[in-house]
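Note sheet for the following structure.
Number of protein chains: 2
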Amino acid sequence: MTDVLDGQALKGPTVADLTAAIRQAIVDGDFAPNQRLIEADLSAGFGASRAAVRTALFELANDGLIDRLPNRGSRVRAISLDEAIEILEVRIGLECLCAAKAAEHVTDAEVAEFRRLRHDLLEAVASGDLLGYSRLNQLLDERIRDLSRHATAVGILERLHAQSVRHQFRLAFQPGRAAVSAGEHAAILDAVIDRDPAAAEAATRTHLLSVIEALRLLG
Amino acid sequence: MTDVLDGQALKGPTVADLTAAIRQAIVDGDFAPNQRLIEADLSAGFGASRAAVRTALFELANDGLIDRLPNRGSRVRAISLDEAIEILEVRIGLECLCAAKAAEHVTDAEVAEFRRLRHDLLEAVASGDLLGYSRLNQLLDERIRDLSRHATAVGILERLHAQSVRHQFRLAFQPGRAAVSAGEHAAILDAVIDRDPAAAEAATRTHLLSVIEALRLLG
DNA sequence: TTCGCCGATTCTGTCTACAATCGGCCCGGA
DNA sequence: TCCGGGCCGATTGTAGACAGAATCGGCGAA
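These protein sequence lines map, in sequence, to chains Y and F. Per my numbering, residue 1059 is the first one in the first sequence, and the count goes up by one each step. Per my numbering, residue 1059 is the first one in the second sequence, and the count goes up by one each step.
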C-alpha cells in the first residue's frame, strides 16, 4: 500500500497528495464503506506524518467522503440509496443551471466538438462498449461543467460526484440502461449544439429524473 | 481581541470553538476581506495553540470562507458581486427543492406556525422594523430547510449562506427592498401553507430571481 | 449463567519544537 | 541611477511526544 501515487517519492507526500491518494482509495473501493481509518495506520502506509494524515482526513470529511465521530475516529462514509437520491435531486438543480449556461456560452469550436462527442457516444452504445460509453459520459459531464463557467456550481458538483460514484457505477451496467441513458445524453448535446438554454435545462432534468427512477427500481 | 468568546476561559478553546469564533469574526466583518490571517497572531489572540488555529483555518478554507495559498498563508476570501450572483443562482436550484419538499412534508402544527410567521413578517415590515424583519426572514429560511428533511441540500445551503451574508446584509437595508421581499416571502409561505409544492417552488424561484436583480442594480 | 464493574489498551486530540519556504532588503556592479 | 544576486527575517509546513477519552477484556457477585 506504500507510496501509491508519489510524484517524487523521495520526500514524504504533501497534504494535497495524501488527500488525493486517500480519496482515490475510497472511490476505487480500496477502503470499504464503514471501514475504520486509523490515523497511525494511514500515516505508516503512506509514509506521511500523522499531522498530514489528520489534515487530509478533515478535508475528506468536509467533502463528505468520510464521517468523523469526536474522539472515535474516522470511517468511510456509506452512501445509502436515500442519500444517493438526495444527491441526484440536488444535482438536478445544479446541472440544469450548468447546462443552460453552457448552451449560452458555447463557441463554434465547442459545437463541433460536441457533434463529434454525440457521434462517438451513440457509436459506443451501439457497439456495446459500455466502458467506453461510461468514459464518454463522464467527459460530457465534465465539458458541460467547463463550459458553464460557473465555478460555484462546478465545485459543489465535483464534491457530490465523488460521493456517488459507486451508485452511478452500479447503475451503468444494468442491461438496457445504456440505451435509455444515451438517448437522454444525446438530447442534452442537441440542446447545447442548438444553443438553446431552456431545452438544455429540460433535457438535463429529464435525464436526471430518469436516473433517479432507475436507481429506485434497482433498490 | 483576546478571548472573544470563551465559554470557560480556564482551558484553551477547542478546535470547534476556534472555528466558530473565527467564522463569526469573518461574517461579522471583524476580519476584513482580503485581510491576511497569520497563524501565530490568531493563536495569541484566541489563546489557543497554533496547531488548533491551523486546523480551524483548514476547516474554514473548505467552507470557502478563506483562501489558502501554499506557503503563503490564509486570507479572508472576498466574495465579488459575480460570485454572490453565482451563489444565488445555485441557491435557486437548492431552495426550490427544499421549498417543494417542505410543502410536501409540512404538518398541521407547522402550518399554524407558518401562519403566525406570515403575520409577524408583514407586521414587522409595516412597522418599519427592518432588523426584526431580517431576523424573521432568516427564521423562515431555516424552518423551510428543516421541513424539507433534505440533509444534502441543507448542508450545501448552510455553507453558501456563510459566504454571502455580507451581500445579503447590504441588500436588506436598501429602501423599498423590504416591501418587495416581504411580498415574495409571503407567497412562499402561502404555498407551503396550501401544501402546494409546485407553487412553493415557483414562489421561491421568483423571490431569488428578484434578489439577483436587486443585487445587480446595487452592484 | 449473566450482569455490572474496573483496569488495560488503543486511538484520537493537543501541544511544543524544528525544518523548509517565501518575500523583502541590502549591497555591489554596470 | 537602475538592475541583479544573495542574505535575512517572518511565516508556514512537518515531526514527534504527551495527555485524555473511548473501547474491550477479564473478574467478581447475584
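Even glycine gets a Cβ: it sits at the ideal position worked out from N, Cα and C.
Selection from the options that minimises the alpha carbon distance to residue i
i          : options                                           : result
Y:Glu-1097 : Y:Ile-1145, Y:Ile-1080 and Y:Leu-1198             : Y:Ile-1080
Y:Ala-1142 : Y:Ala-1158, Y:Asp-1254, Y:Ile-1084 and Y:Gln-1221 : Y:Gln-1221
F:Lys-1159 : F:Arg-1203, F:Gly-1190, F:Ala-1083 and F:Ala-1237 : F:Arg-1203
F:Glu-1289 : Y:Leu-1152, Y:Glu-1147 and Y:Ile-1145             : Because chain F here runs from 1059 to 1277, residue 1289 of chain F falls outside it and cannot be looked at.
F:Leu-1100 : F:Leu-1275, F:Leu-1076, F:Phe-1231 and F:Glu-1168 : F:Leu-1076
F:Gly-1131 : F:Ser-1138, F:Ala-1119 and F:Leu-1273             : F:Ala-1119
Y:Arg-1224 : Y:Pro-1071, Y:Gly-1087 and Y:Thr-1072             : Y:Gly-1087
Y:Asp-1254 : Y:His-1163, Y:Asn-1195, Y:Leu-1179 and Y:Arg-1193 : Y:His-1163
F:Thr-1262 : F:Gln-1093, F:Ile-1150 and F:Leu-1123             : F:Ile-1150
F:Ala-1090 : F:Gly-1103, F:Leu-1123, F:Phe-1231 and F:Ala-1209 : F:Leu-1123
F:Glu-1216 : F:Arg-1135, F:Leu-1139, F:Ile-1145 and F:Ser-1107 : F:Ile-1145
Y:Asn-1129 : F:Thr-1072, F:Leu-1127 and F:His-1177             : F:Thr-1072
Y:Arg-1235 : Y:Ala-1258, Y:Val-1269, Y:Ala-1209 and Y:Thr-1210 : Y:Val-1269
Y:Asn-1195 : Y:Phe-1104, Y:Ala-1209, Y:Gly-1277 and Y:His-1177 : Y:His-1177
F:Val-1250 : F:Leu-1127, F:Arg-1133 and F:Leu-1155             : F:Leu-1155
Y:Asp-1125 : Y:Leu-1197, Y:Ile-1084, Y:Gly-1213 and Y:Leu-1276 : Y:Ile-1084
F:Gln-1093 : F:Arg-1133, F:Ala-1109, F:Ala-1102 and F:Gly-1103 : F:Arg-1133
Y:Pro-1233 : Y:Leu-1276, Y:Gly-1103, Y:Glu-1259 and Y:Phe-1104 : Y:Leu-1276
F:Phe-1227 : F:Glu-1259, F:Ser-1192, F:Leu-1175 and F:Ala-1074 : F:Ser-1192
Y:Leu-1139 : Y:Ala-1245, Y:Leu-1229 and Y:Asp-1252             : Y:Leu-1229
Y:Ala-1245 : Y:Leu-1095, Y:Arg-1135, Y:Ala-1074 and Y:Leu-1179 : Y:Leu-1179
Y:Arg-1201 : Y:Arg-1173, Y:Gly-1105 and Y:Ala-1136             : Y:Arg-1173
F:Leu-1188 : F:Arg-1108, F:Ala-1109 and F:Phe-1231             : F:Phe-1231
F:Ala-1237 : F:Ala-1260, F:Ala-1257, F:Gly-1103 and F:His-1265 : F:His-1265
F:Ile-1291 : Y:Leu-1273, Y:Leu-1218, Y:Ala-1209 and Y:Asp-1252 : Residue coverage of chain F in this structure runs from 1059 to 1277, which leaves residue 1291 of chain F outside it and unanswerable.
Interface partners of residue i on chain F, CB under 9 Å
i          : result
Y:Glu-1141 : Ala-1209 and Thr-1210
Y:Glu-1242 : Per Cβ cutoff of 9 Å: no residues; Y:Glu-1242 is ~19 Å from chain F at best.
Y:Thr-1113 : Arg-1112, Thr-1113 and Phe-1116
Y:Gly-1131 : By Cβ distance, chain F contributes nothing, its closest Cβ being about 15 Å from Y:Gly-1131, past 9 Å.
Y:Glu-1144 : His-1208, Ala-1209, Thr-1210 and Ala-1211
Cross-strand partners of residue i (DSSP beta bridge)
i          : result
F:Val-1134 : F:Ile-1124
Y:Arg-1094 : Y:Arg-1133
Partner residues on chain Y for residue i, Cβ-Cβ distance less than 9 Å
i          : result
F:Asn-1120 : Phe-1116, Glu-1117, Ala-1119, Asn-1120 and Asp-1121
Partners in chain F for residue i, counting only beta-carbon separations shorter than 8 Å
i          : result
Y:Glu-1147 : Leu-1155, His-1208, Thr-1210 and Ala-1211
Y:Glu-1216 : Within 8 Å Cβ-Cβ: nothing; Y:Glu-1216 doesn't reach chain F, min ~12 Å.
Within chain F, the residues that residue i reaches when beta carbons sit closer than 7 Å
i          : result
Y:Leu-1267 : Here the premise fails: no neighbours, minimum Cβ distance about 13 Å.
Chain Y contact residues for residue i, given Cβ-Cβ distances below 7 Å
i          : result
F:Leu-1273 : Residues of chain Y passing the Cβ test: none, with the nearest at roughly 14 Å.
F:Glu-1162 : Ordered by position in chain Y, no residue passes the 7 Å Cβ test against F:Glu-1162, which lies about 12 Å from the chain.
F:Leu-1152 : Val-1148 and Gly-1151
Residue i: CB within 6 Å of a non-hydrogen atom of the ligand HEM
i          : result
Y:Ala-1110 : In the structure shown, the ligand HEM is absent, as is every other ligand, since no ligand is present at all.
Would you call the segment 1101-1117 of chain Y and the segment 1075-1089 of chain Y touching, i.e. three or more CB-CB distances under 8 Å? Contact between the segment 1101-1117 of chain Y and the segment 1075-1089 of chain Y is present: 3 or more CB-CB pairs across the two stretches fall below 8 Å.
Would you call the segment 1238-1249 of chain F and the segment 1179-1199 of chain F in contact, with 3 or more CB pairs under 8 Å? Yes, they touch.
Within the segment 1134-1213 of chain F, note down every full beta strand (DSSP E) run reaching 3 residues or more, in order along the chain. Secondary structure remark: continuous beta strand (DSSP E) runs of at least 3 residues inside the segment 1134-1213 of chain F: none found.
Runs of alpha helix (DSSP H) wholly within the segment 1220-1275 of chain F (minimum 4 residues, chain order): Scanning the segment 1220-1275 of chain F from its first residue to its last, the whole alpha helix (DSSP H) runs of 4-plus residues come out as 1235-1251.
Quick one: any contact between the segment 1162-1177 of chain F and the segment 1193-1210 of chain F, if contact means 3 or more CB pairs under 8 Å? The segment 1162-1177 of chain F vs the segment 1193-1210 of chain F: in contact.
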